[in-house]
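Inspection log for the structure reproduced underneath, given as structure tokens.
2 protein chains.
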Amino acid sequence: MAKRAASLFSIDVISPDADRGPAHMRVLERIQTAIASGALPLNARLPSSRTLARDLGLSRNTVDEALSRLVAEGFVVRHRGIGSFVSGSLPGRNRRSSQRTLDTQRRPSEVRVSDRARTLMNYPGHYKAIEPIPFTPSLPPNEFFPRKTWQRLLNREVRRPGADYWHYGASNGLAALREAIAAHANAMRATQASADQVLVTTSTQQAVELAAKVVADPGEAAWVESPGYQPVQHCLRGAGLNVVPVPVDEQGIRVQAGLYLQPHARLAYVTPAHQYPLGYEMSLLRREALLEWSRGEGSYIVEDDYDGDYRYEGRPIASLQGMAPERVIYIGSFNKILFPGLRIAYAIVPEALVGPFVDAKHAADGHTALLAQGVLAAFISEGHLSEHLRATRKSYDERRLIFLKEAQVLRDVVRFGPAAAGMHVTASFRDAKIDDRAVAEACAGRGVVVGALSRFGDVNLRGLVFGFAGAAAEAARAGLGIVRETILAQK
Amino acid sequence: MAKRAASLFSIDVISPDADRGPAHMRVLERIQTAIASGALPLNARLPSSRTLARDLGLSRNTVDEALSRLVAEGFVVRHRGIGSFVSGSLPGRNRRSSQRTLDTQRRPSEVRVSDRARTLMNYPGHYKAIEPIPFTPSLPPNEFFPRKTWQRLLNREVRRPGADYWHYGASNGLAALREAIAAHANAMRATQASADQVLVTTSTQQAVELAAKVVADPGEAAWVESPGYQPVQHCLRGAGLNVVPVPVDEQGIRVQAGLYLQPHARLAYVTPAHQYPLGYEMSLLRREALLEWSRGEGSYIVEDDYDGDYRYEGRPIASLQGMAPERVIYIGSFNKILFPGLRIAYAIVPEALVGPFVDAKHAADGHTALLAQGVLAAFISEGHLSEHLRATRKSYDERRLIFLKEAQVLRDVVRFGPAAAGMHVTASFRDAKIDDRAVAEACAGRGVVVGALSRFGDVNLRGLVFGFAGAAAEAARAGLGIVRETILAQK
Chain A
0 MAKRAASLFS IDVISPDADR GPAHMRVLER IQTAIASGAL PLNARLPSSR
50 TLARDLGLSR NTVDEALSRL VAEGFVVRHR GIGSFVSGSL PGRNRRSSQR
100 TLDTQRRPSE VRVSDRARTL MNYPGHYKAI EPIPFTPSLP PNEFFPRKTW
150 QRLLNREVRR PGADYWHYGA SNGLAALREA IAAHANAMRA TQASADQVLV
200 TTSTQQAVEL AAKVVADPGE AAWVESPGYQ PVQHCLRGAG LNVVPVPVDE
250 QGIRVQAGLY LQPHARLAYV TPAHQYPLGY EMSLLRREAL LEWSRGEGSY
300 IVEDDYDGDY RYEGRPIASL QGMAPERVIY IGSFNKILFP GLRIAYAIVP
350 EALVGPFVDA KHAADGHTAL LAQGVLAAFI SEGHLSEHLR ATRKSYDERR
400 LIFLKEAQVL RDVVRFGPAA AGMHVTASFR DAKIDDRAVA EACAGRGVVV
450 GALSRFGDVN LRGLVFGFAG AAAEAARAGL GIVRETILAQ K
Chain B
0 MAKRAASLFS IDVISPDADR GPAHMRVLER IQTAIASGAL PLNARLPSSR
50 TLARDLGLSR NTVDEALSRL VAEGFVVRHR GIGSFVSGSL PGRNRRSSQR
100 TLDTQRRPSE VRVSDRARTL MNYPGHYKAI EPIPFTPSLP PNEFFPRKTW
150 QRLLNREVRR PGADYWHYGA SNGLAALREA IAAHANAMRA TQASADQVLV
200 TTSTQQAVEL AAKVVADPGE AAWVESPGYQ PVQHCLRGAG LNVVPVPVDE
250 QGIRVQAGLY LQPHARLAYV TPAHQYPLGY EMSLLRREAL LEWSRGEGSY
300 IVEDDYDGDY RYEGRPIASL QGMAPERVIY IGSFNKILFP GLRIAYAIVP
350 EALVGPFVDA KHAADGHTAL LAQGVLAAFI SEGHLSEHLR ATRKSYDERR
400 LIFLKEAQVL RDVVRFGPAA AGMHVTASFR DAKIDDRAVA EACAGRGVVV
450 GALSRFGDVN LRGLVFGFAG AAAEAARAGL GIVRETILAQ K
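Next comes the structure, spelled out in structure tokens:
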């Protein structure tokens, strides 16, 4: 599966088939097929005609001719200065029935999977247990987690007489945990939250899905960042939303481009503190523009503050939620700062939406498991979370500096993006012809995990995403050596 | 909220307002308002005209005239011999925009909640922690749970070197747990399941929502039992499905009625081992009819085996899944047999649907928390689950017999349904004029919890649902005394 997706543009979909018709018609047909099969989702950004021409070994004129026809037939929409995108609604056909037809060719006739289940296939992520190795992004290194403290609290809470961990719990979460979360986020991230606005969830994914359900109906639009965090985009598609990728620049999401592409989105999913994966901070001007849009449109901003606790240079930027608590749904996750197997995250929601969010959580899974909530509440309120963040901020910073020093070995082949925050850094290839997916795959074969930048929703970007927090000095040096060899072998 | 819903038919919605127009027009308007506001959901069953006439103190002719007009205008559909239902699609109006209009009258203009979030409001269930008191249905009594054993296993697993509880886990669940579940369900419930077909979820609700997403798209139909388990019906509505309540009789769901109401449903949610709440077992003939429909239609049966482990009289009936593993999505929950705060349930899914289910679970919340999965796997594979089921089967049976004996005190006012299985029994009032919601509310005020039968989706049924497993002899006697007094006071 990874292989097929990796070669989406370069081999499977568009490589011209020597025998059939003029080159531009073959390009056109392959793109239509990719759209009809869902390999190219609605609203997906297409590679630039220059990139396509280069990858296919065809003239740019041929590719432009194919794209013009796709535009004329309504399969592709071109936005000058922004790019070409698969159309949001396909022309002259009922999308559901056309997908059904394709579907039945592949399966026994009595098995039919829903359209929305089909949108969730090819989900980018983990189905197998993941061990942290250099340079898995977004995976907290286990060695820093104070497991003994956790075990002690667990041991105490599981035996606590009169604890409510054994019955049904409140759908919005244990009161003690909601209070601890509100106090922590208000102090560390400048949110403005009461414990009543906190909803305990199992994960960022669940928080985003609940937000999608509460503020949008199927067919309504959601802005996401391009490049951006793909699992959330799949989650939004699975919730029936029309996902509109909006380009980002050094200031964050380009609100003007969003207004141009689809002003009437019901929500915008953004990562203001540390854009995923490029690492930019959203500028104050951009924040204000985004909030202005949200106020005017009555839409909501979903702020994923996935590693807002880690900033090594400059002042920490306050959360967007603190600027407009009535328009922002703030999401934080303990799975990314403590350990992923925990499955506790949270949303801070506008007061007016508390009821609908609790209803939606209740219908989704009743409530989150109780004992772990109790242990986490104690872990936070007894000061262990602050201590852990202090300690890991220091350790990750050391690793960041070591990584950046060792990464000099790559300076002739990549340009690094900002590395002032979080747990990962992005590098773009100086030679944009290098296939980043092939590099990532070859590295994985040698025991080094790097993300391919083109997988984050903008196939025009080619480079690598490195998680630096999981690699101590020796591992970082060895891993970077392997990455360098692999890139050079691909040139 | 509870109060308003309790009096849906008897006061708020239909009580004629003395000042305005002819009686039948007032009845008509109140029902239309209830439909437009969502208080009466699409497809909801209406009380019989006899019941309405009695409750309103109007002649049956007046009520029939109102109903005929509602039928003529397309708001209500009448099925001879089955009943009257709110129409599945309302006439001459866009449902979304009409609800929006109502919505904005109640909220500040900048707050807009989605239609699907609106369907989840008035969710019947728990938002507050629930303590088990007589006669809360579906709540396992804590005193039988071997908490010391659980604590010992937890203590061992949390310290186990090399355990995978700290990283990301597989989306379908820990392998050890899936194997233990398959072995348990195959042995105890005659399912035909490999560990690969098992998907670990947090709850029955989550398993049902995943099933809805995987096999149906918004707007497609789902059969549910009437009366039936309301939280699942809300979950299906929240997933965008057109919920079609199909009446049940002593043999279970009336498949012929389902075929008449909506043959093209994508799934049927049923409780074959112990119909919730009436307690009937689905007959073999009915099982075969349901499977025949499913095979012909290419639809799926969602079998909720919520208390299939408890049968006190007669042979245990095998699961439906064992009869047709390719058509049945079987759901079991440890939250109902161990402790609700655990949040671990599972689905056994047809082989052809394993991939889409895992994708959907992954997009929903990544995976279920790991440590608890590990503890549960050990609990099952080391024999503690079997032991717990043996012990509780015996204890619940004792309580059942005591309850049935003490419940003789009610024999002049109620008729009890079957009590051969599970953890609850249903009683219908001999005098159908008694308001069961008022009785339940008055009992709650005196510290006794009983379910009002009319809340399970068929307002023509009036009676009470008693959980017997949570009440020891003394509590059962005292509780039943209070229930009797309350019923007599309502007469």
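Line order of the protein sequences matches chains A and B. Position one of the first sequence corresponds to residue 0 (numbering that gives the first Met the number 0), numbered consecutively onward. Position one of the second sequence corresponds to residue 0 (numbering that gives the first Met the number 0), numbered consecutively onward. Where is the CB? At the ideal position from N, CA and C, for every residue including glycine.
Separation of residue j from residue i, as counted between CA atoms
i               : j               : result
R461 of chain B : Y279 of chain B : 17 Å
L384 of chain B : F378 of chain B : 6 Å
A221 of chain A : I316 of chain A : 25 Å
R105 of chain A : S293 of chain B : Interpretation of R105 of chain A is limited by its pLDDT of 35, a score under 50 that renders its predicted location unreliable; the figure taken from the coordinates is listed afterwards. Their Cα atoms are separated by approximately 21 Å.
H78 of chain B  : F338 of chain A : 56 Å
Q255 of chain A : P262 of chain A : 9 Å
A182 of chain B : T203 of chain B : 19 Å
W165 of chain A : R188 of chain A : 33 Å
I347 of chain A : A116 of chain B : 17 Å
A162 of chain B : T201 of chain B : 21 Å
V62 of chain B  : V26 of chain B  : 7 Å
N171 of chain A : P46 of chain A  : 43 Å
V269 of chain B : K335 of chain A : 39 Å
K490 of chain A : S282 of chain A : 36 Å
S137 of chain B : L277 of chain B : 13 Å
I481 of chain A : I132 of chain A : 13 Å
Beta carbon of residue i nearer than 7 Å to that of residue j
i               : j               : result
R265 of chain A : V223 of chain A : no
A359 of chain B : L209 of chain B : yes
A475 of chain B : F428 of chain B : no
V110 of chain A : A371 of chain B : no
D364 of chain A : Q232 of chain B : no
A524 of chain B : E312 of chain B : No answer is possible for residue 524 of chain B: it lies beyond the span of chain B, which begins at 0 and ends at 490.
L235 of chain A : A267 of chain A : no
V408 of chain A : F465 of chain A : no
L319 of chain A : L176 of chain A : no
Q274 of chain B : V247 of chain B : yes
P355 of chain B : V112 of chain A : yes
N459 of chain B : T50 of chain B  : yes
L463 of chain A : A426 of chain A : yes
Partners in chain A for residue i, counting only beta-carbon separations shorter than 9 Å
i               : result
K404 of chain B : Within chain A, no residue comes near K404 of chain B; the closest Cβ sits about 28 Å away, beyond 9 Å.
M120 of chain B : G354, P355, D358
G237 of chain B : K212, D358, A359, A362, A363
Residue burial classification, residue i (beta-carbon count within 10 angstroms, cutoff 16)
i               : result
P404 of chain A : Here residue 404 of chain A is Lys; the residue named in the question, Pro, does not match the sequence. Exposed, because fewer than 16 other Cβ atoms sit within 10 Å of the Cβ of K404 of chain A.
N298 of chain B : Looking at the sequence shown, residue 298 of chain B is not Asn but Ser. By the 10 Å Cβ count, S298 of chain B comes out buried.
V413 of chain B : buried
H387 of chain B : buried
E142 of chain A : exposed
K147 of chain A : exposed
E569 of chain B : The structure shown has nothing for residue 569 of chain B, since chain B only spans 0 to 490.
S88 of chain B  : exposed
S58 of chain A  : exposed
A186 of chain A : exposed
Under 9 Å from the C-beta of residue i: neighbouring residues of chain B
i               : result
V348 of chain A : In chain order: nothing, as chain B lies at least about 11 Å away.
N141 of chain A : W165, H166
is_contact[residue i, chain C] using C-beta, thresh 7 Å
i               : result
R177 of chain B : In summary, chain C is missing from the structure at hand, where the protein chains are A and B.
Partner residues on chain A for residue i, Cβ-Cβ distance less than 7 Å
i               : result
E208 of chain B : A363
Under 8 Å from the C-beta of residue i: neighbouring residues of chain B
i               : result
D114 of chain A : D216
Interface residues of chain A facing residue i [CB-CB closer than 8 Å]
i               : result
G340 of chain B : D163, Y164, W165, H166, Y167, G168, A368, L369, L370
Within chain B, partners of residue i - CB distance below 7 Å
i               : result
H233 of chain A : A362
Of the residues that make up the region 420–442 of chain B, which ones have a beta carbon closer than 8 Å to any beta carbon in chain A?
none
Mind listing which residues of the region 359–378 of chain B have their C-beta closer than 8 Å to chain A's C-betas, in chain order?
A359, H361, A362, A363, D364, G365, H366, T367, A368, L369, L370, A371
Relative to chain B, which residues along the region 149–178 of chain A have a C-beta separation below 7 Å, given in chain order?
Q150, L153, N154, V157, R158, D163, Y164, W165, H166, Y167, G168, A169, S170
Along the region 21–33 of chain A, where does the CB come closer than 8 Å to a CB of chain B? Name the residues.
none
Which residues, in chain order, does the region 180–210 of chain A contribute to contact with chain B at a C-beta distance below 7 Å?
T201, S202, Q204, Q205, E208
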